[in-house]
Each structure stands twice: as C-alpha cells, then as structure tokens.
Amino acid sequence: MRLVVKAVRNRQARAWFAVGGVATSSLLVISLVATLRGAATSVVGYVGQDGADLWITPPGADHFLRLSGVIPAALTDSVRALPGVADADFILRAFVAVSARRHGAGFRLTLYGVGYRAPDGLGGPPKFASGRAPQTRREIALDRAAAGRLGVGLNDTVFVNGRGARVVGVTAGTNLLTTQFIFADAAAIEALSGFAGRASFIIVRLAPGGNADTVAARIRDRFPDIDVFDRATFVANSQRETGVGYTPILAFVNTLGVGAAAVLVALLMHALVDRRRTELAVLLALGAAPQALALVMILEAARLIVVGGVLGAALARLLAFVLDRVFPVIPLHFDIGDTLWTLALLITCGMLASAIPVARLGRVEPLEAFRP
Amino acid sequence: MTVLLLDGVSKTRGRGPHATQALRAASLTLAAGEVVLLEGASGAGKTTLLAVAAGLLTPDAGRIVLAGRSLAELSPAERRRHRAQVVGFVFQRSNLLEQLTAWENVLLMAQLAGRPTREARRATNEVFEALNIAHLAPRRPGELSGGEEQRVGVARALVHRPALVLADEPTGNLDGTAGRVVAEALATCAKARGAAVLVATHDTRLEPFATRRIPIVDGHVVGPF
C-alpha cells in the first residue's frame, strides 16, 4: 500500500500549491471566526465583569450594544438603597470623536465612550494593559487598539469631541472590532454628550448572599418603567447582538473560503486522475484493486486538506501573535472548538469535492497500459 | 504443463459503427517454458489477445483457462488476484511508475502478487541479480535509458515467478543492442524460471529466442497453435 501511495501521490511542488491554497482558506476562515470571537469576548469581558450582578436598562433594551434610550441617573441612589444591594452606579454611554490633534485634525476615531464614577465605580475598565483608571474629568483610559491607531500612549493628550484629555490608562479586552471603548468620568461624558442627569445603564452589585432574582424583582416592583437583567442573561443577550451584526457576513465569507478550498482540492484530484492515468492503468493491469486506488486517492486528498488546514490554523495563530504586537486593531480570539469545527468543515467539504474526480477512476481502463 | 488455453475466443472492440471484430474464434495453447511470438501487423488483434488472455478483457465467446483456472468462472476480484499472481507484463513502453525507484517498481509487483514483505524484498533482490541490473535498483525511471528501463520492466514481470509472461512489443522502442539485450533477458530468464512467454511483436530480433511463432491476421490466429 505504501508503494501504491507513493506511486500515485502528487508531485511535491503541485502538492504544496494545493496545501498553500487550503492553508489560505483555513487561515481566512479561522481568522474570521476568531475575529467574531474577539468582539464577543470583549463584550463579555466588559458586561460580565466582577461586581456587575444586575443591569438596569431603559425599557426594551436587553443588551449593551446599539441602544439609544436613557434612564434618570437619579434612580441610582434609590436602587442603592434597596435591600440586597451592596452598591449601584450608573454609566452613561455616548459615541465620541477622538483624535490625537486639536479640533479633530488628521486621523480620528469614533469610540464607544463610557462615563462612570471614576476612578473605582462600577462599569469602569475591566482590564488595564498599562496605566490606571481616570481620576479627573481631564483624564481618560483608552482601548489599546484605539491607542495604537491614534498613535498615542500613556500621558499623551487626545482630543475627545475637541476637548483635550490626558491618557492615563490603556485598557485591554475592550475592542469591539468596529469600535473600541474609551473610559472617562461620568461628568465628562455628560458634558460631551449633553445627557446631563441621564444614564444608559445602572449597574448593581449585590450584597453578600443577595439573590439576583429577588433583588431584580424588587427593582421591577419599585420602578416598573425600566428593565432589569441578571449578568448571565445580559451577557448572553449582548453576545447574541454581537453575532447578529457579524454572523451573516462571516457566514458568507467563510462559505466562500471553504468553497474555494473544496474546489481547489477537487481540481487537484481531477488533475491527479488525469495526469496519473497511465500509472493508474498500469497499477490496475498489474493487479491493484480499484478500491485500493480509490482509497489512496482519498487519502491523498485528505493529506492535502489536513496538512493545509492545520498549517492555516498555525498561520492564523502566528498572524494573530504578530498583529497583536505590531498592529493590535483586530481583536482575534482563538477557540480550540472553533478551530476544530473549521478543520472538520474543510475536511468534509474537501473530501466531498474530491469524490467526483476519484469516481472518474472507474473510467480508467487497465488496457490503457498497453497503449504506446 | 499447459499454462494458457484459449479456445474459440472472439472479441468485438468498440460500439456501433466503430465496432470491429478484434478476435475471431482464436485458439492457442502455451506450455511452461515456451517462448511464443505472436506476429501480425498493427491492428491484427495481438494486444487484444494479450488482454483477453490476462483477463483484462472479457471475451464475447470462447473459453480461457489460465494457470489451471477458467477465467469465466472467476469474479472480477478473483480474476484480478489471479492475474496478479500468475501473469507478468512487459509493456512496449516500460510503464515503470516514475515516482518509484527501479527497485520499488519491482517490489510493488511482488507485493501486488501477495508476497509477504520479507519474501517480496528477497525476490526483488534475486531478480535484479539474475538480470544483472542490481546497479539500477536505486535509480528512478527518469534516470534510466530506454534499454535499462525495459530490463527493469522485465524484472517486474518476473519477480513474482508468474506462470505466464505477456509482452507487448517489448523491444519496439529500443535500438539494436538494447533490443537484443532485453529480448535475451526476457527469454532466458523466463525460461529459467519455468514461465511461458507470449510476445506480441513484429521484431525479428526476438526470433532466435522463440520456441514457436504464431501469426495473427485480422483477429484470426492462423496457427500452428
């Protein structure tokens, strides 16, 4: 069998071309899925942070992203006073334009501004890459990717809606792919957005031993015009909302990627049957079983797909490593389950695609070996 | 001992208006140790007769007994296994597998014939020695001359000690000396191993090695058979 495999196998150069094509498809698909994961992980990292046990939202808003309603910030004190509540803080969210130069000259970014009770109120940065939380209205903490794109670092000055602020913290896990977080004191965001006295959300930390359902029910009884979600539900809803935006695009591009890999493998196997026609005829004439030759062809297809797929997965990790250090804009987050699923999908589609040329093996007549 | 018996074998090739009667009630017998030349013009039916004899083509009529077994009574898989065990082929082009070395090409045949690995290796070394081509063993087909390739082809045909060697114009692509060397190697080595050899050819260089010559004209085996 080993010699039959060796006899039928593709030439090295051609095989490497196919492996390269499959690897590129694998790299594309795995990176795209990792991008979606990265955005979702950032949402989870922020919304699911310690202390955010309950989220109070404007009516109808069941997730963190893309909502425009507000609630009175003054509710915060009333909520804080409820039994079972250890602490409560409001956050005010507003999109802000941030540039490294005054008056927004040059490159600027529209960022997800989160105003909270700085420096240690609920709803602040979930994680710092460097620096600290803002302590005054003139200080901000900025997502690492945004800082990189703006070309600023700690102690640099950026202009938020035209007003200067010093970067005192660089945050991690706060990149939503299409935008990033910038954290400032709530008063600063109020001043920038014009939403004085309003809150986007109120975050509740439960007292030790406090029951989320009981406290949520208590809040709903007291304030029937607002919604309350426990952390798990709010995280799940926010993840769902992240996926709603990206999933159709990712599914489309991933389908193209998997399809391209499958077509490439099919073409290669097609060429293999054609180019190896005489060798296959000779093997059949000498007594090789057609089923054995088909198996060899299928194994050859599998070899190319598996090597290409795994190489693509490895390249994706390498690419992510390099991007994270050189240009940390895309929030790639790899999940072993996603990678295995992608490889399984690639292998399945590639094998199905190779079945057609392998079936053509049945048309090879051993008698062809006699033709000069 | 009769190695091959063809009795009234007919075969039509192609379909519809392109159909031609390639063999017409052809009959012949071959005994062990014989070297028989099947002589005829192009299109006379020589290759078809070889293919039918090997069980690569199923005849429309007639009976074929190969190494004691009637091919009509064998399933396709049994026919294939029987062919691998009792038939050796030498093609006009050597048809060595280009990805394999000469030694591996020959070893592969021994393995296809069902020889266990160790025995297959031993048989391969032995046939290379017998044909004085051990120095060619590590080379790939692309590194061999036409004559060398064909001698390796002969080794492949003999490695599993087949009862019957079928050769289709084995010297057709070779010049004088190379053709004579291959013809001699095929005839003497096959004879030494007790195989019957049926050679489709119109190369007169093979005549000194033949025990019989059988003309074939328009699918008729003219005899003597």
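Same order as they appear, the protein sequences are chains L and P. Numbering-wise, our numbering comes out as the position in the first sequence, counting from 1, plus 1430. Numbering-wise, our numbering comes out as the position in the second sequence, counting from 1, plus 346. We put the CB at the ideal spot given by N, CA and C, even for glycine. Since we're looking at a predicted model, the values are computed, not measured.
Query raised in the report: How do the region 443 to 462 of chain P and the region 396 to 410 of chain P stand: do at least 3 beta-carbon pairs fall below 8 Å, yes or no?
Result: No: fewer than three Cβ pairs fall under 8 Å.
Query raised in the report: Which of helix, strand or coil does DSSP assign to residue 479/P?
Result: The answer is coil: DSSP assigns residue 479/P none of H, G, I, E or B.
Query raised in the report: At a Cβ threshold of 8 Å, is residue 1787/L touching chain P?
Result: No, residue 1787/L does not count as interfacial toward chain P.
Query raised in the report: When the Cα atoms are used, what is the spatial distance from residue 1599/L to residue 1607/L?
Result: One Cα belongs to residue 1599/L, the other to residue 1607/L, and the distance between them is close to 20 Å.
Requested in this report: Would you decide whether residue 387/P is buried or exposed? Buried here means 16 or more other CB atoms lie within 10 Å of its CB.
Outcome: Residue environment: residue 387/P is assigned as exposed (fewer than 16 neighbouring CB atoms within 10 Å of its CB, all protein chains considered).
Query raised in the report: If you follow the beta strand (DSSP E) that residue 1566/L is part of, which residue opens it and which one closes it?
Result: It is not in any beta strand (DSSP E) - residue 1566/L carries neither H nor E in the DSSP assignment.
Requested in this report: Would you verify that the beta carbon of residue 1792/L is, or is not, closer than 8 Å to some beta carbon of chain P?
Outcome: It does not: the Cβ of residue 1792/L has no partner Cβ on chain P nearer than 8 Å.
Query raised in the report: Under a Cβ-count criterion, where at least 16 other Cβ atoms within 10 Å of its own Cβ denotes burial, should residue 1507/L be classed as buried or exposed?
Result: Exposed: under 16 other Cβ atoms inside 10 Å.
Requested in this report: Answer yes if the region 505 to 514 of chain P comes into contact with the region 380 to 398 of chain P, meaning at least three C-beta pairs across the two stretches below 8 Å, and no otherwise.
Outcome: They touch, by the three-pair rule.
**Report entry** Cβ neighbours of residue 1520/L in the same chain (closer than 6 Å, five flanking residues each side left out)
**Finding:** So the qualifying residues of the chain are 1503, 1506, 1629 and 1632.
Query raised in the report: Hey, quick one: how far does the beta strand (DSSP E) through residue 357/P stretch, first residue to last?
Result: Here the beta strand (DSSP E) through residue 357/P covers 348 to 359.
Query raised in the report: Where does residue 1748/L land, buried or exposed, given buried means 16+ other C-beta within 10 angstroms?
Result: It counts as exposed.
Query raised in the report: Which residues in the same chain have their Cβ closer than 6 Å to the Cβ of residue 1712/L, if we skip the five residues on either side of it in sequence?
Result: Excluding sequence neighbours, residue 1712/L sits near 1799.
Query raised in the report: Going along chain P, which residues have a C-beta under 8 Å from residue 1708/L?
Result: Residues of chain P passing the Cβ test: 441.
Report task. Hey, could you find the ends of the alpha helix (DSSP H) residue 496/P is sitting in? Result -> For residue 496/P, the enclosing alpha helix (DSSP H) stretches over residues 492 to 504.
Query raised in the report: So with Cβ pairs under 8 Å, would you call residue 1743/L a contact of chain P?
Result: Output row for residue 1743/L: interface = no.
Query - For residue 566/P, the nearest candidate out of 534/P, 384/P, 361/P and 447/P (CA to CA) - result: The shortest C-alpha separation from residue 566/P is found at 384/P.
Report task. For the alpha helix (DSSP H) containing residue 1714/L, list its first residue and its last residue. Result -> 1707 to 1716 is the extent of the alpha helix (DSSP H) around residue 1714/L.
**Report entry** Cβ-based neighbour list, residue 1610/L, same chain, cut-off 7 Å, excluding 5 preceding and 5 following
**Finding:** Cβ within range, chain order: 1541, 1542, 1573, 1575, 1576 and 1604.
Report task. Taking 8 Å as the cut-off, decide whether the C-beta atoms of residue 1626/L and residue 1570/L are in contact. Result -> No; because the gap between Cβ atoms is not below 8 Å, this pair is not in contact.
Requested in this report: Please list, in chain order, all residues of the same chain as residue 1636/L whose beta carbon is under 8 Å from its beta carbon, the five residues on each side excluded.
Outcome: For residue 1636/L, where only same-chain residues beyond five positions count, the Cβ hits under 8 Å are 1483, 1484, 1514, 1515, 1516, 1642 and 1645.
Query - Local conformation of residue 428/P per DSSP, three classes - result: Helix, per DSSP.
Report task. Kindly indicate which three-state DSSP category residue 1760/L falls into: helix, strand or coil? Result -> Assigned with DSSP and collapsed to three states, residue 1760/L falls in coil, not helix or strand.
Query raised in the report: Is residue 1565/L buried or exposed, if buried means 16 or more other CB atoms sit within 10 Å of its CB?
Result: Exposed, because fewer than 16 other Cβ atoms sit within 10 Å of the Cβ of residue 1565/L.
Query raised in the report: Run through DSSP, which three-state label would residue 566/P get?
Result: In the three-state reduction of the DSSP assignment, residue 566/P falls in the strand class.
**Report entry** DSSP state of residue 382/P mapped onto helix, strand, coil
**Finding:** In this structure, DSSP gives residue 382/P an extended state, which the three-state scheme calls strand.
Requested in this report: Reducing DSSP to helix, strand and coil, say where residue 1479/L ends up.
Outcome: Three-state DSSP puts residue 1479/L in coil, outside helix and strand.
Report task. Helix, strand or coil for residue 1637/L, going by three-state DSSP, please let me know. Result -> In the structure shown, residue 1637/L sits in coil (DSSP, three-state: anything other than H, G, I, E or B).
Query raised in the report: Can you pull the DSSP bridge partners for residue 1487/L?
Result: As computed with DSSP, residue 1487/L is found in a beta bridge with 1657/L.
Query raised in the report: In the region 509 to 536 of chain P, which residues sit with their C-beta less than 9 Å from some C-beta in chain L, listed in chain order?
Result: Those residues of the region 509 to 536 of chain P that come within reach of chain L (Cβ to Cβ, closer than 9 Å) are 514, 515, 518 and 519.
Report task. Taking only beta-carbon positions, decide if residue 1712/L is within less than 8 Å of chain P. Result -> Put simply, the CB of residue 1712/L is near chain P, with a gap under 8 Å to one of its CB atoms.
Query raised in the report: Which chain L residues are close to residue 457/P, counting only those with a beta carbon under 8 Å from its beta carbon?
Result: Within chain L, the residues near residue 457/P are 1433.
**Report entry** Unbroken alpha helix (DSSP H) run spanning residue 522/P, endpoints
**Finding:** Unbroken alpha helix (DSSP H) run through residue 522/P: 522 to 538.
Query raised in the report: Run through DSSP, which three-state label would residue 445/P get?
Result: DSSP places residue 445/P in coil when its eight states are reduced to three.
Requested in this report: Provide the residue span of the beta strand (DSSP E) that contains residue 1508/L, from first to last.
Outcome: No beta strand (DSSP E) holds residue 1508/L; the alpha helix (DSSP H) holding it covers 1505 to 1510.
Requested in this report: Check whether the Cβ of residue 1716/L lies closer than 8 Å to any Cβ atom in chain P.
Outcome: Yes, residue 1716/L counts as interfacial toward chain P.
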